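To start, the structure under review is shown below, and the notes come after it.
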Amino acid sequence: MPLKNYPFEIRDVESDTAHLLMKYFTGELTGFVRVGPKGYFLPNKFKQEAHNIYNLEIRPSDVFVASYPRSGTTWTQELVWMVANDLDYATSNAIPLTERYPFLEFSMCVHPVLKQRFIEENSFNMRNLKMLEWVTQPGTEQIAAAKSPRFVKTHLPLSLLPPTLLDGKVVYVARDPRDVCVSFYHLNKSMRTQGYTGDFKTYWEFFINDLHHWTPYFEHLKEAWEKRHHPNLLFLFYEDMSKDLPATVRRVMEFFGKKFSDDQLNRLIDHLSIESFKSNPSVNYDVMKELGIMVGAKEFIRKGKAGGWRDYFDEEMTLQAEKWMADNLRDTDLRFPHLQ
Ligand code: A3P
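Using our numbering, you'd call the opening residue of the sequence shown number 374 and step up by one each time.
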């Protein structure tokens, strides 16, 4: 049934495919949906959030950091927050990024059965229960209760966000899909909300066949790329940040109309380095481990390099990736810089 005030059709992913996928992604227990003409693939619970997300009231002071997962979102979030908040290290260190930036649609990833399990496992720890309540609360509720300026993290493509989104500011970050896929594979194995059980090659097949959360990948990027000249949207690449972080920081400063001295800039660059990030509990998502949502030896902040995909792709996959990227880039002038 179509939702009121929601322009897109939400279709259930056909039962055989959904059951196959749920064997590989054990965190999802109901199924998946495809949304709108581009068929964005999302967990079933998106149905409950779609309308509230689309109809969220945007304020001119809102700042969204948007991306396909594992594209450098966390890195961009901290950079944007620091610049927009005049390098307020005290607050950045005191308040975790998860609280400074509600994750708009994360609650759709937490199946009710899994949520109950997390609550039972944390029942002895009031602090954890409170944090669990926060990270699993719909982002729209958190945002509605937040004071301006509001900072929001989302992996949704622009078309599924409010049509007035660009009344506020959006910083979008993109990354070579091969590195994205390797990075997301590791995260999917350690996040129980995803619970991926297969190998990398199978994961890659799901990813390029649009059978994975927030795909189709290239449609996601292209929607933002088309808006890159809009004065309220800044389009960044992970590879640019990796190669020349100061240049990206300057672009973000300009976007927010900020000026900092060289010393201030150097301190920020240091704060944003992968080494600082790994040991900074405010940004490293250790909270997910504390709550038992993330398990195993893997870290949310992992290698932080461009080009690591080469260790995971055999020759067949390398050629397949080249073709897939070329096919999808044919009708656009979007190009990944500094490809490795
Ligand atoms: P890898 O898994 O390839 O290391 P997201 O925040 O969108 O989930 O992206 C996560 C990716 O960004 C991970 O990539 C992570 O290591 C990398 N990353 C996070 N912080 C970084 C930093 N300060 N410098 C470089 N890369 C960083």
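Every residue gets a Cβ at the ideal spot worked out from N, C-alpha and C, and that includes glycine. In this text, all values refer to a predicted model and were calculated from it rather than measured experimentally.
Taking the beta carbon of T449 as the centre, do at least 16 other beta carbons fall within 10 Å, making it buried, or is it exposed? buried
Secondary structure of P619, DSSP reduced to three states: helix
Counting beta carbon pairs with one atom in the region 649-656 and one in the region 525-535, are three or more of them shorter than 8 Å? no
Measuring from the CB of M614, is there a heavy atom of the ligand A3P at a distance below 8 Å? yes
CB contact flag (P410, F381, <9 Å): yes
Strand pairing of S440, partner residues [DSSP]: V546
Complete runs of the beta strand (DSSP E) confined to the region 529-582 [at least 3 residues]: 542-547
Comparing alpha-carbon positions, which option in K632, R490, E599 and T575 lies nearest L531? E599
Hey, how far is the Cα of S563 from the Cα of M667? 5 Å
Between which two residues does the beta strand (DSSP E) holding I730 run? The question about residue 730 has no answer, for the chain in this structure spans 374 to 713.
Below 8 Å, is the gap between the Cβ of N471 and the nearest heavy atom of the ligand A3P? With the sequence shown as reference, residue 471 is identified as Thr, and Asn is not the correct amino acid for it. No.
Assigned secondary structure, P485 (DSSP; H/G/I helix, E/B strand, else coil): helix
Bridge partners for Y413 per DSSP, in chain order? V408
K676 - DSSP class collapsed to helix/strand/coil: coil
Can you list the alpha helix (DSSP H) stretches of 4 or more residues lying completely in the region 618-700, in chain order? 618-628, 635-644, 647-651 and 659-663
Taking three-plus beta-carbon pairs below 8 Å as touching, is the region 665-680 in contact with the region 486-502? yes
Measuring only from the beta carbon, is Y611 closer than 8 Å to any heavy atom that is part of the ligand A3P? yes
With a threshold of 8 Å (Cβ to nearest heavy atom), would G541 be considered close to the ligand A3P? no
So F497 is in the beta strand (DSSP E); what residue range does that whole segment cover? F497 -> no beta strand (DSSP E), and no H or E assigned at all.
In three-state terms, what does DSSP make of T527? strand
Which one of A439, V486, I468 and Q489 has the shortest CA to CA distance from W587? A439
Is the beta carbon of L394 closer than 9 Å to that of E401? yes
Measuring from the CB of H593, is there a heavy atom of the ligand NAP at a distance below 8 Å? The model depicted lacks the ligand NAP and carries the ligand A3P instead.
Count Cβ pairs between the region 543-551 and the region 602-618 that sit closer than 8 Å; are there 3 or more? yes
Within 10 Å of its beta-carbon, does Q567 have 16 or more other beta-carbons around it, so buried, or fewer, so exposed? buried
DSSP state of F491, grouped into three classes? helix
Looking at the ligand A3P, does it come within less than 8 Å of G512, judged from the CB to the closest heavy atom? no
Cα-Cα separation between W682 and K520, rounded to whole angstroms: 40 Å
Beta carbon of P550 nearer than 9 Å to that of Y474: no
Between the CA atoms of M626 and K632 - distance to the nearest angstrom: 7 Å
Contacts around P619, its chain only, beta-carbon distance under 7 Å, and the 5 residues preceding and following it disregarded: L638 and I642
How should K418 be labelled, buried or exposed, when 16 other C-beta atoms within 10 angstroms of its C-beta is the threshold for buried? buried
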